[in-house]
Amino acid sequence: MAQATAPKRTQTVDAPFKEITGFDRSGIAGVSKSLMAVLDRVRKVARSDSSVLITGESGTGKELIARAIHKNSARKDGPMVVINCGAIPSELLESELFGHEKGAFTGAHRSRTGRFEIADKGTIFLDEIGDMSPDLQVKLLRALQERRFERVGGTQTIEVDIRVISATNKNLTVAIENSEFREDLYYRLNVIPIKISPLRERPEDIMPLVEHFQSSLARRNSEYIPKIFPDLVKQVLGTYEWPGNIRELENLVERLSVLVEEDTISISDLPDCITGTGTDVTPAGVAQVFKNNIGFNEAVELYQKSLIVHALNETGWVKAKAAEMLKMNRTTLVEKIKKMDIEPENEMPVF
Ligand SMILES: Nc1ncnc2c1ncn2[C@@H]1O[C@H](COP(=O)(O)OP(=O)(O)OP(=O)(O)O)[C@@H](O)[C@H]1O
Ligand SMILES: [Mg+2]
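If you want this note's numbering, it's the 1-based position in the sequence shown plus 577.
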C-alpha cells in the first residue's frame, strides 16, 4: 500500500513577495522577518474589529499597512476614510471628523457630513494622531467610547459602525509624559499595536522593494528600465541610513530609471548622500562651511581629506590605485595620508 504522504507545503519565496495563504498583500513588498511579523499581525487583526495603532518613522508604509488591514477585513466593501489629523487646523478638524450643522460657526452656510459618518460600515484611518490638539482628543475619546457623537452645532446623536486605525511617527509614550497626549485615548487606540521598522533595520527588504518599484515603473511606461544589481544594493544601498525610508527608496528608483540611459545602474549614478562621497560644493554646502565657523584653510583641508578618503575607499586602500584616481603622485598621497592622520576606518569628513 502506498504510504500516505503529508501534503507538501509550498511557499513561494520569489522576491519581492512571499505568498501568505488567504491574504491579499496589497502590493506590500519585502521578505524581512520584521515585515513578515507585521503582515502576520495584519492578517490576524483584519479578522477583528479591534482598534489598531500603527507606529513607525515617516515613509515606512504605515498607510499601506492600514489599507491592507481594511482590504483583508470583512469591511472591505465599505469605505476606507483617511484623515490627516496633522494637516488640518484644529478648529476645522472637529467639523471634518464629526460634521457640522448649518450656522454652527461663521462660514457654515450649509450642513456637512463628517468623516466618521462617511466611514460608516467601513474603516476610518486617523493619520498623524499624535498631532491632534488636547481639546479634540477629549471629543474623539468620547466618540470612540460611545460609538456616537453629535455634529458641531447639532443636537441629534449619530451612531456609526466603524473600525478605527490610527498612525503616528511620534513616540506617544513620551507625548503622554509631556502631557501632550491623553493616556486614556492612547489605550483606547492602541488595542493592537503594529510597529513598522525603519528600512535601515531591514536591509534585506531593499532588493525586493527595488524590484517591486521597477516592475510597477515598467508597467507604467514601456521604456527600458536599467538594471540594479544585487551587489550594488548590498554594498551601497544596504549600508545607507534611508532617513526617508521606503518613500526615499521609491523616489530614487524612479529617478534612476528616468535619468540613467545605460543598461545598468552603477555607483556613480547614485546621489552623493548615498555613496557618502559628497563634499558639498553647492552654494548651500559652501554656506554651511561659514555657518559652522570653519575657516578657509580648514575647509580646504577637509575637502582634500574627503577626496583622499573617497579614493582610498574606492580602491580598497591600494594606494597606487588611489593615487592614480586622484591624478597624484603616490609618494605625495602617502605623505598626505600620514599628515592628515587618515586611517582605514576613517569616515568621510563632514563639514
Ligand atoms: N513594503 C512596501 N512595499 C511597497 N511599497 C511600500 C512599502 N512600504 C511603503 N511603500 C511605499 O512607500 C511610500 C510611503 O508609504 P506610506 O505613505 O504608507 O508611509 P507612511 O509611513 O504613511 O509615511 P508618512 O509617515 O510620511 O505618512 C508609499 O508610496 C508606499 O506605497
Ligand atoms: Mg502616512
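All C-beta atoms, glycine included, are put in the ideal place defined by N, C-alpha and C.
Worksheet entry | Ile-823 Cβ short of 6 Å to ligand 1 heavy atom set | By one-based count along the sequence shown, residue 823 stands at place 246. Correct: Ile-823 has its Cβ closer than 6 Å to ligand 1.
Worksheet item: Which one or two residues does DSSP pair with Ile-665 in a beta bridge?
Response: As a working note, residue 665 is residue 88 in the sequence shown. Paired residues: none, contrary to the question.
Worksheet item: Does DSSP classify Arg-724 as helix, strand or coil?
Response: For the purposes of this step, residue 724 is identified with residue 147 of the sequence shown, where counting begins at 1. Residue state, collapsed to three classes: coil.
Item to complete: Have a look at Ser-672 and Lys-716 and give me their C-alpha separation to the nearest angstrom.
Response: Sequence index remark: in the sequence shown, residue 672 carries index 95 (1-based). Sequence index remark: in the sequence shown, residue 716 carries index 139 (1-based). Going by the C-alpha atoms only, they are around 11 Å apart.
Practice prompt. Can you say whether Leu-836 is buried or exposed, counting buried as having 16 or more other CB atoms within 10 angstroms of its CB?
Written response: Residue mapping note: residue 836 aligns to position 259 of the sequence shown, counting from 1. So Leu-836 counts as exposed.
Practice prompt. Take Met-657 as the anchor and find which of Phe-806, Ile-919, Thr-683 and Ser-743 has the nearest alpha-carbon.
Written response: Looking up residue 657 in the sequence shown gives position 80. Residue Ser-743 is the option with its Cα nearest to Met-657.
Worksheet item: Rounded C-beta distance between Glu-635 and Arg-779? I'm assuming under 8 Å.
Response: If you number the sequence shown from 1, residue 635 lands on position 58. If you number the sequence shown from 1, residue 779 lands on position 202. It should be noted that the sequence gives Ser, not Glu, for residue 635. In fact, because the Cβ distance is near 16 Å, the residues do not count as touching under 8 Å.
Practice prompt. Look at the alpha carbon of Lys-621 and the alpha carbon of Val-629, and state the distance between them as a whole number of angstroms.
Written response: Within the sequence shown, numbered from 1, the residue matching residue 621 stands at position 44. Within the sequence shown, numbered from 1, the residue matching residue 629 stands at position 52. Going from the Cα of Lys-621 to the Cα of Val-629 covers about 12 Å.
Practice prompt. Give me the Cα-Cα distance between Asn-661 and Ile-706, rounded to the nearest whole angstrom.
Written response: As a first step, residue 661 is located in the sequence shown; it is residue number 84 there, counting from the start. As a first step, residue 706 is located in the sequence shown; it is residue number 129 there, counting from the start. About 8 Å.
Worksheet item: Where do the ends of the alpha helix (DSSP H) carrying Ala-752 lie?
Response: Position 175 of the sequence shown holds residue 752. Start and end: 749-754.
Worksheet entry | Alpha carbon of Thr-909 to alpha carbon of Pro-848, nearest angstrom | Counting from 1 along the sequence shown, the entry for residue 909 is found at position 332. Counting from 1 along the sequence shown, the entry for residue 848 is found at position 271. Cα to Cα, the separation comes out at about 29 Å.
Worksheet item: Just the Cα atoms here: how many angstroms apart are Ser-774 and Arg-689?
Response: Indexing the sequence shown from 1 puts residue 774 at position 197. Indexing the sequence shown from 1 puts residue 689 at position 112. C-alpha separation (whole angstroms): 39 Å.
Worksheet item: Since Val-810 and Val-830 are thought to touch, with beta carbons under 8 Å apart, how far apart are those beta carbons, to the nearest angstrom?
Response: Numbered from 1 along the sequence shown, position 233 holds the residue referred to as residue 810. Numbered from 1 along the sequence shown, position 253 holds the residue referred to as residue 830. About 11 Å; that fails the 8 Å criterion.
Item to complete: Please report how far the alpha carbon of Met-784 lies from the alpha carbon of Ile-851, in whole angstroms.
Response: Your numbering for residue 784 matches position 207 in the sequence shown. Your numbering for residue 851 matches position 274 in the sequence shown. Cα to Cα, Met-784 sits roughly 16 Å from Ile-851.
Discussion item. Please return the same chain residues whose Cβ sits closer than 7 Å to the Cβ of Lys-898, not counting the five positions on each side in sequence.
Written reply: Within the sequence shown, numbered from 1, the residue matching residue 898 stands at position 321. Here the set comprises Thr-892.
Worksheet item: Using CA coordinates, which residue listed in Asp-617, Tyr-763, Glu-668 and Ser-845 is at the minimum distance from Ser-710?
Response: Within the sequence shown, numbered from 1, the residue matching residue 710 stands at position 133. It is Glu-668 whose Cα lies nearest to the Cα of Ser-710.
Worksheet item: Under the rule that 16 or more other beta-carbon atoms within 10 Å means buried, what is Asn-649, buried or exposed?
Response: Counting from one through the sequence shown, the residue named residue 649 turns up at place 72. Buried: at least 16 other Cβ atoms inside 10 Å.
Worksheet item: Should Arg-644 be labelled buried (16 or more other beta-carbon atoms within 10 Å of its own) or exposed?
Response: For the purposes of this step, residue 644 is taken as the residue at position 67 of the sequence shown. Per the 10 Å Cβ criterion, buried.
Fill in: Burial state of Asp-712, where buried means 16 or more other Cβ atoms lie within 10 Å
Along the sequence shown, one-based indexing puts residue 712 at 135. Exposed.
Item to complete: Return yes when the Cβ of Arg-740 is within less than 7 Å of the Cβ of Thr-700, no when it is not.
Response: Looking up residue 700 in the sequence shown gives position 123. Looking up residue 740 in the sequence shown gives position 163. Yes, the pair counts as a contact, with Cβ atoms nearer than the cut-off.
Worksheet item: With respect to the beta strand (DSSP E) encompassing Thr-700, which residues constitute its N-terminal and C-terminal limits?
Response: As a working note, residue 700 is residue 123 in the sequence shown. Per DSSP, Thr-700 belongs to the beta strand (DSSP E) from 700-704.
Practice prompt. Mind reading off the beta-carbon distance from Asp-919 to Lys-882? Whole number of angstroms is fine, and I expect it under 8 Å.
Written response: On the sequence shown, residue 919 is found 342 positions in, with the first residue counted as 1. On the sequence shown, residue 882 is found 305 positions in, with the first residue counted as 1. Reading off the sequence, residue 919 comes out as Ile, not Asp. Confirmed, about 7 Å.
Discussion item. On the criterion of 16 or more Cβ atoms from any shown chain inside 10 Å, does Gln-722 qualify as buried, or is it exposed?
Written reply: By one-based count along the sequence shown, residue 722 stands at place 145. So Gln-722 ends up on the exposed side.
Worksheet item: Cβ-heavy atom distance between Leu-749 and ligand 1 below 6 Å?
Response: Counting from one through the sequence shown, the residue named residue 749 turns up at place 172. No; taking the cut-off as 6 Å, the Cβ of Leu-749 has no heavy atom of ligand 1 nearer than that.
Worksheet item: With C-beta atoms as the reference, is Glu-818 less than 7 Å away from Arg-777?
Response: For the purposes of this step, residue 818 is taken as the residue at position 241 of the sequence shown. For the purposes of this step, residue 777 is taken as the residue at position 200 of the sequence shown. It is a contact, given that the beta carbons lie within the stated cut-off.
Practice prompt. Note down, in chain order, each residue of its chain lying with its Cβ closer than 6 Å to the Cβ of Gly-855, except the 5 sequence neighbours on either side.
Written response: Working through the sequence shown from its first residue, we reach residue 855 at position 278. Note that Gly-855 has pLDDT 49, beneath the 50 cutoff, so the model's placement of it is unreliable and the number below is only indicative. Answer for Gly-855: Asp-849, listed in chain order.
Item to complete: Identify every run of the beta strand (DSSP E) within the region 618-686, keeping only runs that are complete inside it and at least 3 residues long; order them along the chain.
Response: 629-632 and 657-661
Item to complete: Output the distance between the C-alpha atoms of Thr-637 and Val-911, rounded to the nearest integer angstrom.
Response: Residue mapping note: residue 637 aligns to position 60 of the sequence shown, counting from 1. Residue mapping note: residue 911 aligns to position 334 of the sequence shown, counting from 1. Spanning the two alpha carbons is a distance of roughly 44 Å.
Item to complete: Identify every residue that forms a DSSP beta bridge with Arg-689.
Response: Taking the first residue of the sequence shown as 1, we reach residue 689 at position 112. DSSP lists His-677 as partners of Arg-689.
Item to complete: Whole angstroms is fine: what's the gap from Lys-916's alpha carbon to Ala-614's?
Response: On the sequence shown, residue 916 is found 339 positions in, with the first residue counted as 1. On the sequence shown, residue 614 is found 37 positions in, with the first residue counted as 1. Cα to Cα, the separation comes out at about 51 Å.
Practice prompt. Under 8 Å by Cβ, that's how I've got Ser-834 and Leu-794 pegged, so tell me the actual separation to the nearest angstrom.
Written response: Taking the first residue of the sequence shown as 1, we reach residue 834 at position 257. Taking the first residue of the sequence shown as 1, we reach residue 794 at position 217. 5 Å between Cβ atoms; contact.
Worksheet item: In the structure shown, what three-state DSSP assignment does Thr-745 receive?
Response: In the sequence shown, the residue the question calls residue 745 occupies position 168. Strand at Thr-745.
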